[in-house]
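S.K.: Sending over a structure as structure tokens; questions will come in a sec.
Protein chains in written order, with the numbering used here: chain W, 57 to 342; chain H, 707 to 1001.
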């Protein structure tokens, strides 16, 4: 390797003389890179200074963090009664994720059709739907949870509604994109054999978007399981309530146990849903 | 052009039709079974999540009236009649919003660097050692499976209140999320340039610098920007657990029922998030166009 390297390096001046265009540095591109990188680093330093990052504090924190990590071992729920409590809360978390995802999926169907350019030709309606969806999407799930707690009270129901609210927009957007990119030919075929507008949608478009949509639902369910684990932090049910409580009262072993529970559950759900999605999207049937 | 359709005699058609009907029925049964399973899961979920339609129906009025209350000042007038009163704390909120954005930036940038370094170590086509890949992969998995707000909860205890724990939480979560995406990009590159550099005597770093990076950089940047959007949204709630940003102000306003403050802050957050989404979308589209132009 190194012998080759040396011979090649020895040839470099000759090569540079023969192919000057290749070896000439591209100053403009370099300047661009330096400007972009320099800007990013400058902003980084500015942020560090503005947010008052103190090396002593960071060091102290890291030391305390290692202590905490030590105190987390071994993770334990401290007795069966509490483990049962956690298990119920975990079930509740899954229920919240499932319910929120399906509610969002159901409600997003009409919205998706409204936001699709090839279904609704009215440009104003189309624009308004899109903007409304964007504004709903820009609010985080936890904020929605707080709002819904004011409406239906503390508990998992508020959590499910919060997940629904924050997902509706994303679902509708995906759905409208799937509809817009759907193949026109089946629709025209149904029309040519005398199908009505509704029949064109049912037999021309729905079969095309159904597998895409189903796999998206599963994907969202995966990510919502993660969101549902934290929604309890603000009191909207699920395992997050216990997690934040155990951390606040510095019961590190229990907190670690809860985190492990979440990790394992999420890993299982990811695996199952990945299989299902692969089965749905790919693999010609039969 | 004339098409003719020949219909086979009935005796020949009957078994075909029967087979078709059977296949259709089998598919129907499968669909029904799937739907029944989903319905069962949903029913269980409704039980588990204490869903009560009647409560929902009763309280649904609260939802609209909540937004109605959000639009009222303490004096009882609508907020838009007196914007100076509505946005009385504009300066403070803008400062906190700026802090939120800086937190998201710091966290995303640090996470970008972390994911960047680690993604090469867990790519099958660049690292031969299965053990190294396994360790890096599991690390990234843990980083992205634990939600950032849980990290924030823990870090608030270790580092104290303020933006520092928030930034660290975002950074760790982003490392996990980006590291995985990056490694997927790296695993799908064209290996010929890499072999070319290896053949002319380049070491591992040179191979990455001159053969891998040019292929992946625009994709990396685009994913990084996308993550920044997500993180801005996430940073607005980190204040709920005391990890800095505008979330602290927001949760206080919501919990203490300062309705006009809630609507003012929410509106600020929404405008800011949407503006950043729009900007980053523009940049991402230009990056993609750049990619298309080169290929």
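Heads up, the beta-carbon is just placed ideally off N, CA and C, and yes, glycines get one too.
#1: If you measure from the beta carbon of residue 943/H to each beta carbon in chain W, is any gap under 8 Å?
#2: Taking 8 Å as the CB-CB cut-off, is residue 805/H touching chain W?
#3: What does a CB cutoff of less than 7 Å around residue 243/W pick up in its chain, not counting 5 residues either side in sequence?
#4: So which residues of chain W does residue 864/H contact, with C-beta pairs closer than 7 Å?
#5: What is the DSSP secondary structure of residue 962/H, counted as helix, strand or coil?
#6: What are the residues in the segment 143-154 of chain W lying within 7 Å of chain H by C-beta distance?
#7: Determine the extent of the alpha helix (DSSP H) in which residue 845/H is found, giving its start and end residues.
#8: Going straight from the alpha carbon of residue 977/H to that of residue 984/H, what length do you get?
#9: In this structure, what does DSSP give as the bridge partners for residue 784/H?
#10: Which one of 722/H, 806/H and 750/H has the shortest CA to CA distance from residue 106/W?
#11: Can we say the segment 198-209 of chain W touches the segment 139-154 of chain W, given the rule of at least three CB pairs closer than 8 Å?
#12: Could you check which residue in 991/H, 809/H, 882/H and 788/H has the C-alpha nearest to that of residue 844/H?
#13: Identify each residue in the segment 212-224 of chain W for which the Cβ-Cβ distance to at least one residue of chain H is less than 9 Å, and report them in chain order.
#14: Could you check the C-alpha separation between residue 922/H and residue 910/H for me, to the nearest Å?
#15: Going by other Cβ atoms of all chains shown within 10 Å of its Cβ, with 16 needed for buried, is residue 879/H buried or exposed?
#16: Select from 238/W, 239/W and 197/W the residue whose C-alpha is nearest the C-alpha of residue 219/W.
#17: Label residue 963/H either buried or exposed according to how many other C-beta atoms from any shown protein chain fall within 10 Å of its C-beta, with 16 as the threshold for buried.
#18: I need the straight-line Cα distance from residue 327/W to residue 815/H, nearest angstrom please.
#19: List, in order along the chain, the chain H residues whose C-beta lies closer than 7 Å to that of residue 207/W?
#20: Assuming the contact rule is C-beta atoms closer than 8 Å, residue 225/W and residue 269/W should be a hit. Round their C-beta distance to whole Å, please.
#21: So which residues of chain H does residue 103/W contact, with C-beta pairs closer than 7 Å?
#22: So with Cβ pairs under 8 Å, would you call residue 340/W a contact of chain H?
#23: What does residue 260/W reach in chain H if we use C-beta pairs closer than 9 Å?
#24: So, is the C-beta of residue 916/H closer than 8 Å to a C-beta in chain C?
#25: Taking the runs of the alpha helix (DSSP H) that are 4 residues or longer, which of them lie wholly in the segment 208-253 of chain W?
#26: Given this structure, state the Cα-to-Cα distance separating residue 781/H from residue 788/H, to the nearest angstrom.
#27: Below 8 Å on C-beta distance, what does residue 190/W contact in chain H?
#28: Determine whether the Cβ of residue 784/H lies closer than 8 Å to any Cβ atom of chain W.
#29: According to the neighbour-count rule (16 or more other Cβ atoms, all chains shown, within 10 Å of its Cβ), is residue 721/H buried or exposed?
#30: Going by beta-carbon coordinates alone, are residue 884/H and residue 929/H separated by less than 8 Å?
M.R.: Reading it off the structure:
#1: If you number the second chain from 1, residue 943/H lands on position 237. Yes, contact with chain W.
#2: Here residue 805/H is taken as the residue at index 99 of the second chain, counted from 1. So yes, residue 805/H belongs to the interface.
#3: Within the first chain, residue 243/W is the residue found at index 187, counting from 1. Around residue 243/W: 256, 260 and 261.
#4: Here the question's residue 864/H lines up with position 158 in the second chain. What residue 864/H touches in chain W: 117, 120, 121 and 124.
#5: Stepping through the second chain from its first residue, residue 962/H is reached at position 256. In this structure, residue 962/H counts as coil in the three-state DSSP scheme.
#6: 147, 148, 151, 152 and 154
#7: Here residue 845/H corresponds to residue number 139 of the second chain, with the count starting at 1. Its alpha helix (DSSP H) spans residues 836-851.
#8: On the second chain, residue 977/H is found 271 positions in, with the first residue counted as 1. On the second chain, residue 984/H is found 278 positions in, with the first residue counted as 1. Going by the C-alpha atoms only, they are around 10 Å apart.
#9: The residue labelled residue 784/H in the question sits at position 78 within the second chain. Partner(s): 778/H.
#10: In the first chain, residue 106/W corresponds to position 50, counting from 1. Comparing Cα positions, the closest option is 806/H.
#11: no
#12: Residue 844/H sits at position 138 when you count from the first residue of the second chain. The residue with the shortest Cα to Cα distance from residue 844/H is 882/H.
#13: 212, 213, 215, 216 and 217
#14: Start at 1 with the first residue of the second chain, and residue 922/H comes out as number 216. Start at 1 with the first residue of the second chain, and residue 910/H comes out as number 204. Approximately 16 Å between the Cα atoms of the pair.
#15: As a position in the second chain, residue 879/H is number 173, starting the count at 1. Counting Cβ neighbours within 10 Å, residue 879/H comes out buried, since at least 16 surround it.
#16: As a first step, residue 219/W must be located in the first chain, where it is residue number 163. The residue with the shortest Cα to Cα distance from residue 219/W is 197/W.
#17: To locate residue 963/H, count along the second chain from 1; it is residue 257. Result: exposed.
#18: In the first chain, the residue the question calls residue 327/W occupies position 271. In the second chain, the residue the question calls residue 815/H occupies position 109. Whole-angstrom Cα-Cα distance: 30 Å.
#19: Residue mapping note: residue 207/W aligns to position 151 of the first chain, counting from 1. Under the 7 Å cutoff, chain H gives 765, 768, 769 and 772.
#20: Stepping through the first chain from its first residue, residue 225/W is reached at position 169. Stepping through the first chain from its first residue, residue 269/W is reached at position 213. Not confirmed; about 15 Å, so no contact.
#21: In the first chain, residue 103/W corresponds to position 47, counting from 1. Under the 7 Å cutoff, chain H gives 808, 811 and 812.
#22: Taking the first residue of the first chain as 1, we reach residue 340/W at position 284. At residue 340/W, the pLDDT of 43 sits below 50, so the modelled position is not reliable; the number obtained from the coordinates is stated separately. It does not: the Cβ of residue 340/W has no partner Cβ on chain H nearer than 8 Å.
#23: Reading the first chain from its first residue, position 204 is the one you call residue 260/W. Those within 9 Å of residue 260/W in chain H number zero; the least Cβ separation is about 19 Å.
#24: Here the protein chains are W and H, and chain C is not one of them.
#25: 212-236 and 240-248
#26: One-based indexing of the second chain puts residue 781/H at position 75. One-based indexing of the second chain puts residue 788/H at position 82. Cα-Cα distance, rounded: 10 Å.
#27: Here residue 190/W corresponds to residue number 134 of the first chain, with the count starting at 1. Within chain H, the residues near residue 190/W are 980 and 983.
#28: For this step, residue 784/H is matched to residue 78 along the second chain. Output row for residue 784/H: interface = no.
#29: In the second chain, residue 721/H corresponds to position 15, counting from 1. So residue 721/H counts as exposed.
#30: The residue given as residue 884/H occupies position 178 in the second chain. The residue given as residue 929/H occupies position 223 in the second chain. Yes.
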